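Numbering (our numbering), first residue to last: 14 to 81.
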């Protein structure tokens with residue numbers, strides 16, 4: 014049986030200090046079929062850099078990672 018894909022959306026506008034822990038928590042979930050959508054919405058802190066690094070480092074964990 015194929016498990017359904019679950020999408021997790023993370024609104025992260027200017028929340029760089031909190032983003033690593035948030036993304037690590039999602040990464041550590043046991044459900045195997047996850048899609049991750051990170052919405053940085055033009056943040057002026059380093060939210061985008063953190064999101065991009067996470068996407069590169071953990072691409073195999075997720076079915077798809079989008080940064081919007």
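All C-beta atoms in this analysis are idealised placements derived from N, C-alpha and C, irrespective of residue type, glycine included. Note that this is a predicted model, so its numbers are computed, not measured.
task: Let me know if residue 25 comes out buried or exposed under the rule of 16 or more other beta-carbons within 10 Å of its beta-carbon.
output: Here residue 25 refers to the residue found at position 12 of the chain shown. Around the beta carbon of residue 25, 16 or more other beta carbons sit within 10 angstroms, so the residue counts as buried.
message: DSSP three-state label for residue 25, please.
response: For the purposes of this step, residue 25 is identified with residue 12 of the chain shown, where counting begins at 1. In this structure, residue 25 counts as coil in the three-state DSSP scheme.
query: Grouping DSSP H, G and I as helix and E and B as strand, with all else coil, what is residue 56?
result: One-based indexing of the chain shown puts residue 56 at position 43. Correct three-state label for residue 56: coil.
message: Alpha carbons only, please: which of 15, 14, 34, 16 is nearest the one belonging to residue 23?
response: Within the chain shown, numbered from 1, the residue matching residue 23 stands at position 10. 34 is the residue among 15, 14, 34, 16 whose C-alpha sits nearest the C-alpha of residue 23.
message: Check for me: the alpha helix (DSSP H) holding residue 37 runs from which residue to which?
response: Sequence index remark: in the chain shown, residue 37 carries index 24 (1-based). Where residue 37 is concerned, the enclosing alpha helix (DSSP H) starts and stops at 32–40.
- prompt: Between which two residues does the beta strand (DSSP E) containing residue 79 stretch?
  reply: By one-based count along the chain shown, residue 79 stands at place 66. Here the beta strand (DSSP E) through residue 79 covers 77–80.
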